[in-house]
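Notes follow once the structure below has been shown.
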Amino acid sequence: MRKDPRQTGGGSVIDALIAAVRDLREPKVAEVSPTPDDVRIDGKTCLVTGTNSGLGKAAAVELARRGGNMILACRPGHPEARDEIRRLSGSGSVELLEVDLSDLESVHRFCDVLVQRGIRIDIAVLNAGLMPRNAKKTPQGYETMFAVHFLANRVMVDRWLGDGVIRPSGPDGDIPRIVFISSEAHRSAHTADFDDPGTYVEYGPGESMNRYGLTKLLQCTFATELSRRLSPDDTVEVAVHSMCPGGVATNIARDTPLLLKPLVRAILGHFFQSPEEAIGPVIYLCCAEEAGRTTGMYLHLMQRKAVSPLALDPENGARLWEASEPLVARSRESR
Numbered sequence: 000m001r002k003d004p005r006q007t008g009g010g011s012v013i014d015a016l017i018a019a020v021r022d023l024r025e026p027k028v029a030e031v032s033p034t035p036d037d038v039r040i041d042g043k044t045c046l047v048t049g050t051n052s053g054l055g056k057a058a059a060v061e062l063a064r065r066g067g068n069m070i071l072a073c074r075p076g077h078p079e080a081r082d083e084i085r086r087l088s089g090s091g092s093v094e095l096l097e098v099d100l101s102d103l104e105s106v107h108r109f110c111d112v113l114v115q116r117g118i119r120i121d122i123a124v125l126n127a128g129l130m131p132r133n134a135k136k137t138p139q140g141y142e143t144m145f146a147v148h149f150l151a152n153r154v155m156v157d158r159w160l161g162d163g164v165i166r167p168s169g170p171d172g173d174i175p176r177i178v179f180i181s182s183e184a185h186r187s188a189h190t191a192d193f194d195d196p197g198t199y200v201e202y203g204p205g206e207s208m209n210r211y212g213l214t215k216l217l218q219c220t221f222a223t224e225l226s227r228r229l230s231p232d233d234t235v236e237v238a239v240h241s242m243c244p245g246g247v248a249t250n251i252a253r254d255t256p257l258l259l260k261p262l263v264r265a266i267l268g269h270f271f272q273s274p275e276e277a278i279g280p281v282i283y284l285c286c287a288e289e290a291g292r293t294t295g296m297y298l299h300l301m302q303r304k305a306v307s308p309l310a311l312d313p314e315n316g317a318r319l320w321e322a323s324e325p326l327v328a329r330s331r332e333s334r
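Numbering that gives the first Met the number 0 numbers the first residue of the sequence shown as 0 and each following residue consecutively.
And the structure:
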């Protein structure tokens with residue numbers, strides 16, 4: 000019997016904030032070391048989504064500072080992001096390309112530009128995220144978090160591999176990397192409909208955190224399955240990793256109910272990391288030599304962990320891959 004996709008884990012925004020604060024306050028030993036400042040990525044083309052603020056902006060600054068040729072994949076309306084990241088990084092090799100990840104037509108236009116310009120991506124950081132209060136439909140009829148956290152990434156990766164924008168490495172080649180910025184919230188989703196993931200479901204403020212966890216479960220499951228498919232027979236051809244940065248003071252909860260906003264802002268500002276403090280695992284997965292030789296790593300803060308059993312299950316990965324294939328094909332046909 001098919002499980003009800005609405006049966007996600009419990010928990011509210013406040014519950015999630017408390018859990019994140021606990022993670023940051025509990026003494027833990029980092030299992031991967033911070034990437035030294037002298038580790039460079041000179042000449043590598045890096046693409047980061049969601050760079051107008053928060054973790055994406057901080058990661059783009061640091062990757063540019065380390066010599067990366069930056070492509071800022073940013074939603075429309077933030078032309079200042081390029082100049083600010085150039086100024087903060089001291090790099091002139093930063094450009095901005097607009098893309099609305101909630102609109103698959105915009106995603107395809109963005110991919111078209113990459114092809115037309117002959118761009119080849121060495122490091123892709125799929126960071127963009129959101130958590131609206133209420134369900135909203137995208138132009139293609141999908142729920143917005145599902146589109147931004149999973150389907151847009153699925154479409155982009157499919158295009159990049161098919162178009163040669165990302166090219167799997169040969170035996171002696173430089174291995175490209177794909178890094179998904181996910182969340183420990185993926186563990187809160189107790190089940191998911193891997194056979195019909197695109198079904199639109201209405202929800203209100205009380206369910207937004209649950210739906211966020213569900214879409215992050217789909218994202219982690221996709222990242223894990225992508226890692227399997229791109230590196231068959233234990234030969235790493237594309238390094239695919241995912242991570243949770245822990246609690247970060249960003250504007251992802253900008254749609255928090257009005258009465259809760261002062262509390263949420265106070266918690267974020269006082270207890271959470273700044274984006275600049277939180278980018279350690281991003282930089283490790285993008286720049287560290289070890290992360291370029293292996294695939295399928297998941298970091299929570301600077302600790303290695305396994306993704307949840309649901310995300311790790313190869314059967315779920317195959318089901319999600321096959322069920323989303325028609326959605327990818329439909330996005331191409333509707334253009």
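C-beta: ideal position from N, C-alpha, C; glycine also.
Beta-carbon proximity of residue i to residue j, cut-off 8 Å
i           : j           : result
residue 129 : residue 323 : no
residue 84  : residue 103 : no
residue 237 : residue 165 : yes
residue 287 : residue 34  : yes
residue 156 : residue 242 : no
residue 98  : residue 105 : yes
residue 214 : residue 144 : yes
residue 137 : residue 101 : yes
residue 42  : residue 133 : no
residue 185 : residue 307 : yes
residue 95  : residue 112 : no
residue 316 : residue 227 : yes
residue 58  : residue 124 : yes
residue 107 : residue 330 : yes
8 Å CB neighbourhood of residue i in its chain, flanking five on each side removed
i           : result
residue 54  : 126, 180, 244, 247, 249, 274, 277, 278, 281
residue 4   : Note that residue 4 scores a pLDDT of 38, beneath 50, so its modelled location is shaky; the value from the coordinates is reported in the next line. Closer than 8 Å at Cβ, skipping near neighbours: 190, 191, 192, 195, 196, 198, 200, 213.
residue 153 : 221, 323, 326, 327
residue 303 : 30, 31, 296, 297
Exposed unless 16 or more other CB atoms sit within 10 angstroms - verdict on residue i
i           : result
residue 1   : Only weak support exists for where residue 1 lies, its pLDDT of 37 falling under 50; the coordinates are left without a value.
residue 332 : exposed
residue 198 : exposed
residue 37  : exposed
residue 314 : exposed
residue 183 : buried
residue 334 : exposed
For residue i: DSSP bridge partner residues
i           : result
residue 272 : 247
residue 47  : 71, 124
residue 177 : 123, 239
residue 142 : 136
Range covered by the alpha helix (DSSP H) that runs through residue i
i           : result
residue 109 : 103-115
residue 217 : 207-229
residue 337 : The question about residue 337 has no answer here: the residues shown for the chain are numbered 0 through 334.
residue 297 : Element bounds for residue 297: not the alpha helix (DSSP H) but the beta strand (DSSP E), 297-299.
residue 322 : 313-332
residue 154 : 151-162
residue 195 : Looking at the DSSP string, residue 195 is not in any alpha helix (DSSP H), and its letter there is neither H nor E.
residue 88  : 79-88
residue 292 : 288-292
Same chain only: Cβ atoms within 6 Å of residue i, ignoring 5 sequence neighbours per side
i           : result
residue 10  : Low per-residue confidence applies at residue 10: pLDDT is 47, beneath 50, and the placement is therefore not dependable enough to give any value.
residue 354 : Residue 354 is absent from the structure shown; the chain starts at 0 and stops at 334.
residue 93  : 63, 69, 81, 84, 85
residue 45  : 62, 67, 69, 122
residue 298 : 242, 280
residue 65  : 39, 40
residue 240 : 178, 284, 296
residue 158 : 110
residue 142 : 134, 199
residue 230 : 236, 294
residue 269 : With a pLDDT of only 47 at residue 269, under the threshold of 50, the placement of this residue in the model should not be trusted, and no figure is reported.
Chain-order list of residues whose beta-carbon lies under 7 Å from that of residue i (same chain, five-residue window excluded)
i           : result
residue 311 : 223, 305
residue 235 : 174, 292, 293, 294
residue 319 : 193, 196, 217, 220, 221, 224
residue 365 : As shown, the chain starts at 0 and ends at 334. That puts residue 365 outside it, with no answer to give.
residue 8   : Bear in mind that a pLDDT of 41 at residue 8, under 50, signals an unreliable position, so the model cannot answer this.
Boundaries of the beta strand (DSSP E) in which residue i is found, first to last residue
i           : result
residue 93  : 93-97
residue 303 : 302-304
Closer than 7 Å: residue i CB and nearest the ligand GDP heavy atom
i           : result
residue 227 : Among the components modelled here there is no ligand, and therefore nothing to report on the ligand GDP.
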